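Have a look at the structure below, then the notes.
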Amino acid sequence: MFKGRFRKEEKKQRRAAVVSVGKYMPPHILTNFDLEKMVDTSNQWILERTGIKKRHIVKNGLRQSDLALRASQEALARVGWSPMDLDMIVVGTVTPDHIFPSSANTLAGKLGAIGVPSWDVLAACSGFMYSLYQGMVTVESGRADKALVVGSEVMSSIVDWTDRSTCVLFGDGASVLLLEATYEPYGIIDMEIGSDGRHLKLLHMPGGGSAHPATHETVNNKEHFLHMEGQETFKLAVRKMLLVAKTLLERNHVNPEELGLFIGHQANLRIIDAVTKRLNLKPDQIFNNIERYGNTTSATIPSCVYEAEMMGRIKKGDWILLVSFGAGLTWAGALIKWGIDPLPVLGADAMADDSVSDTYSDRLKPGRDWQKQ
Ligand SMILES: CC(C)(COP(=O)(O)OP(=O)(O)OC[C@H]1O[C@@H](n2cnc3c(N)ncnc32)[C@H](O)[C@@H]1OP(=O)(O)O)[C@@H](O)C(=O)NCCC(=O)NCCS
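Residue numbers for the sequence shown follow our numbering, so the first one is 29 and each next one is one higher.
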């Protein structure tokens with residue numbers, strides 16, 4: 029397991045700071061009541077067992093790379109960067125437009141970031157956090173000054189819409205963070221990251237890879253949908269997320285009560301409750317949006333960061349703790365000293381439909397003074 033000691037002692041001066049955020053959720057909404065008409069479930073069961081009320085689903089040919097594009101364009105516009113200013117683009121996803129080329133390549137092409145290195149990270153619900161780790165170490169090392177880190181998913185494309193035990197859980201969406209090198213005392217202070225590949229069958233998609241390429245049989249057997257053993261995954265998620273959170277807090281001498289905000293992977297509100305209760309966190313130290321989006325896999329954590337920033341729930345100097353858990357098994361955490369001055373807050377109208385209009389970026393003030401120094 030990565031301990032981070034070498035990094036902290038040797039390279040503490042140059043850090044990767046979060047300097048901008050972007051989000052795009054497809055406009056079409058699927059409520060629990062809609063699901064009641066599709067499978068044998070109820071709004072009450074879904075709400076009580078998961079905390080989810082609705083989720084956003086792509087329609088009309090919108091692709092994962094389109095969601096990522098809109099979220100990325102918003103984040104870039106916010107700081108006035110051109111796509112060509114980027115030194116790297118990394119996308120965490122389990123639902124790329126195609127197996128290859130990578131969705132990061134596609135995103136780079138759509139953005140016009142020609143020549144900018146771009147690649148995908150496959151770490152399921154930890155995909156964004158693993159991507160953040162790559163962004164962090166690359167910026168800290170001096171190989172990159174500006175990184176676009178993306179979590180983007182079209183989970184609706186790999187969900188079995190006749191399986192009530194999984195189809196109620198997931199949603200589509202994309203969110204991004206922009207990282208920039210800084211010598212200020214802000215940014216990603218520490219990360220914890222790990223995996224345990226012995227639990228493949230807890231959560232996986234059996235078909236479509238080289239082990240089980242697509243055949244009529246794999247299609248008939250529903251092998252191209254995700255399969256999950258929910259209860260066991262639940263228990264391991266609580267255990268690992270708690271361990272990651274405690275490790276990061278203890279290693280950096282931060283008390284739980286000093287946390288400005290805890291953001292956990294949005295798989296199930298009961299998982300987050302179990303973790304945050306054991307950390308003795310108060311409600312105002314926790315940010316969730318699972319109620320509105322369900323589990324958007326790699327997009328959950330950056331979408332929470334986005335909304336927390338927009339709603340004024342994070343302020344400069346706050347400690348932010350992000351913790352993920354996902355198939356693999358994979359887990360990761362990031363302890364961040366928030367360094368952004370307040371950004372323009374979204375109007376109630378813009379938040380209402382959970383989407384970011386194409387013209388939203390025009391209403392943002394690009395750049396912040398401390399970044400330009
Ligand atoms: C999936 C999950 C919500 C299921 O909740 P649960 O409380 O564990 O429920 P169970 O699987 O034990 O099922 C309990 C009952 O509800 C039923 N059920 C399952 N899905 C249902 C649904 N959508 N509507 C109604 N009933 C449902 C089951 O069939 C079972 O019925 P039974 O007792 O008659 O057999 C939960 O296990 C979970 O969130 N797991 C972890 C997910 C996760 O962490 N993912 C991380 C990586 S993304």
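Heads up, the beta-carbon is just placed ideally off N, CA and C, and yes, glycines get one too.
Keep in mind that this is a model prediction, so the values were computed, not measured.
Nearest neighbour of residue i, chosen from the options [CA to CA]
i	options	result
F128	I364, G237 and V247	G237
L287	N317, A327, I342 and A105	I342
G179	S331, M338 and G356	S331
T261	Y321, L230, K174 and T275	L230
N296	T324, G89, D148 and E64	T324
G120	W109, H126 and A132	A132
D125	R106, L95 and L139	L95
D301	Q72, T194, R77 and W73	R77
A141	V47, V118 and R226	V118
S154	F290, K250, E335 and I329	I329
A327	L63, D200 and A172	D200
T194	F290, V67 and F61	V67
L139	Y161, F156, A105 and A172	A105
A156	M219, D191, R192 and S184	Reading off the sequence, residue 156 comes out as Phe, not Ala. It is M219 whose Cα lies nearest to the Cα of F156.
Rounded C-alpha distance that separates residue i from residue j
i	j	result
N308	G367	25 Å
H293	L277	17 Å
S146	A152	18 Å
A273	T243	43 Å
E257	T134	33 Å
I13	N248	A query on residue 13 cannot be resolved here, the shown segment of the chain reaching from 29 to 401 and no further.
Y321	D224	28 Å
V196	G170	43 Å
K310	D346	15 Å
T304	T69	28 Å
G1	F198	This structure leaves residue 1 out entirely; the chain is present only between 29 and 401.
I57	E212	41 Å
M379	L90	Caution is warranted here: a pLDDT of 40 is assigned to M379, below 50, making its placement in the model unreliable, and no coordinate value can be reported.
W189	G163	35 Å
V282	F315	19 Å
S130	E335	28 Å
N317	M339	12 Å
L63	L75	12 Å
L160	D369	21 Å
R306	H227	25 Å
F290	K263	20 Å
S184	R192	13 Å
P241	K250	13 Å
Contact set for residue i: own chain, Cβ-Cβ below 8 Å, skip 5 residues either direction
i	result
I186	V122, T123, M233, H252, F253 and L254
Q72	none
D275	For clarity, residue 275 is Thr in the given sequence; the question names Asp instead. If we look at T275 and ignore the five residues flanking it on each side, its Cβ neighbours are E220 and G361.
Under 9 Å between C-beta atoms of residue i and residue j
i	j	result
V182	Q92	yes
K82	Y214	no
G87	V204	According to the sequence as given, residue 87 is Lys; it is not Gly. No, Cβ-Cβ distance for K87 and V204 is not below 9 Å.
Q259	P284	no
L176	L114	yes
H404	P54	The question about residue 404 has no answer here: the residues shown for the chain are numbered 29 through 401.
M116	V149	no
K174	W109	yes
E168	R298	no
E208	V47	yes
Cβ neighbours of residue i in the same chain (closer than 6 Å, five flanking residues each side left out)
i	result
F353	A265, K268, M269, H293 and W359
V351	M269, V272, A273, G292 and G361
T59	K82
A172	D115, M116 and T166
F61	N71
K365	Y214 and I217
A239	none
S385	Confidence is the limiting factor: at S385 the pLDDT is only 36, short of 50, which leaves the residue's position unreliable, though a coordinate-based value still follows. Cβ within range, chain order: n/a, list empty.
Assumed close pair residue i, residue j - CB separation to whole angstroms, cut-off 8 Å
i	j	result
F319	I80	Checking the displayed sequence, the identity of residue 319 turns out to be Glu instead of Phe. Confirmed, about 6 Å.
Y158	I216	Not confirmed; about 13 Å, so no contact.
L363	N280	6 Å
V49	A103	6 Å
T210	A45	4 Å
A355	A202	In fact, because the Cβ distance is near 19 Å, the residues do not count as touching under 8 Å.
V333	L206	That pair is no contact at about 11 Å.
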